[in-house]
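Engineer:
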Amino acid sequence: MDDILISGYPWVKSLHIMAVMSWMAGLFYLPRLYVYHAEQSKIGDQLDVTFQVMERRLLKAIMNPAMIVSWACGLWMVMTPGLIDWTAFWPYTKGVSIIAMTWFHMWCAARRNDFVASNNTRSGRDFRIMNEVPTLLMIIIVLSVIVKF
27 MDDILISGYP WVKSLHIMAV MSWMAGLFYL PRLYVYHAEQ SKIGDQLDVT
77 FQVMERRLLK AIMNPAMIVS WACGLWMVMT PGLIDWTAFW PYTKGVSIIA
127 MTWFHMWCAA RRNDFVASNN TRSGRDFRIM NEVPTLLMII IVLSVIVKF
């Protein structure tokens, strides 16, 4: 099993990077769509319907698969022997940040359900503030992996 994990590592790492890039693009864009949705449309108008289609497609066709592939490849790499120094602090800061990123993904999905149910109570300002969350988490994750603090 170790041989498979080690020999597949460059391919899995490459796929992981591509999936994370796609996931992050969605995590940056979906809250921005919510800003415009909250500020520019009214319940049931054509713009509301258009935003709902865009948000659904982004979440279901791009973000969900990208998150799943990111997690699967990440777990593959975690199981690869000799890759991670578990006595260091960085794997834990990265892990907590990834869990927080996944929570944010689920929060975004719940907000989409609010719009679908015509039940959104958040303002464009609320979504602008939340739009900063993935940036902060990305900074922590990248510094954890590269600087290994």
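Letter by letter, the sequence shown follows residues 27 to 175 of the working numbering.
Built from N, CA and C at the ideal position, the CB exists for glycine as well.
Tell me whether the beta-carbon of V38 lies closer than 8 angstroms to the beta-carbon of M103.
Structural biologist: Position 12 of the sequence shown, counted from the first residue, corresponds to residue 38. Position 77 of the sequence shown, counted from the first residue, corresponds to residue 103. Taking 8 angstroms as the Cβ cut-off, V38 and M103 qualify as a contacting pair.
Engineer: Using only the alpha-carbon positions, how far apart do G100 and Y62 sit?
Structural biologist: Position 74 of the sequence shown, counting from 1, holds the residue named residue 100. Position 36 of the sequence shown, counting from 1, holds the residue named residue 62. Straight-line Cα distance between these residues: approximately 33 angstroms.
Engineer: Under 8 angstroms between the Cβ atoms of S149 and A64?
Structural biologist: Counting from 1 along the sequence shown, the entry for residue 149 is found at position 123. Counting from 1 along the sequence shown, the entry for residue 64 is found at position 38. A contact, by the Cβ cut-off of 8 angstroms.
Engineer: Taking contact to mean 3 or more Cβ pairs, one atom from each stretch, closer than 8 angstroms, check whether the region 37-52 and the region 77-96 are in contact.
Structural biologist: yes
Engineer: Quick one: grab the DSSP three-state call for I110.
Structural biologist: Mapped onto the sequence shown, residue 110 falls at position 84. The answer is coil: DSSP assigns I110 none of H, G, I, E or B.
Engineer: Please check the pair P57 and F141, which I expect to be a contact at CB under 8 angstroms, by giving their CB distance rounded to whole angstroms.
Structural biologist: As a working note, residue 57 is residue 31 in the sequence shown. As a working note, residue 141 is residue 115 in the sequence shown. That belief does not hold up - the Cβ atoms of P57 and F141 are roughly 12 angstroms apart, past 8 angstroms.
Engineer: Take K120 and list the residues in its own chain whose beta-carbon comes closer than 7 angstroms to its own, dropping the five residues that flank it on each side.
Structural biologist: Here residue 120 corresponds to residue number 94 of the sequence shown, with the count starting at 1. If we look at K120 and ignore the five residues flanking it on each side, its Cβ neighbours are I167, S170 and V171.
Engineer: Should N139 be labelled buried (16 or more other beta-carbon atoms within 10 Å of its own) or exposed?
Structural biologist: Residue 139 sits at position 113 when you count from the first residue of the sequence shown. Flag for N139 reads exposed.
Engineer: What does a CB cutoff of less than 7 angstroms around I110 pick up in its chain, not counting 5 residues either side in sequence?
Structural biologist: As a first step, residue 110 is located in the sequence shown; it is residue number 84 there, counting from the start. Excluding residues within five positions, the ones whose Cβ falls inside 7 angstroms are V104 and P117.
Engineer: In whole angstroms, give me the CA-to-CA distance for P36 and L162.
Structural biologist: Here the question's residue 36 lines up with position 10 in the sequence shown. Here the question's residue 162 lines up with position 136 in the sequence shown. Distance between the alpha carbons of P36 and L162 is about 27 angstroms.
Engineer: Could you tell me which of I30, D29 and I125 sits nearest to P160, measuring between CA atoms?
Structural biologist: Your numbering for residue 160 matches position 134 in the sequence shown. It is I125.
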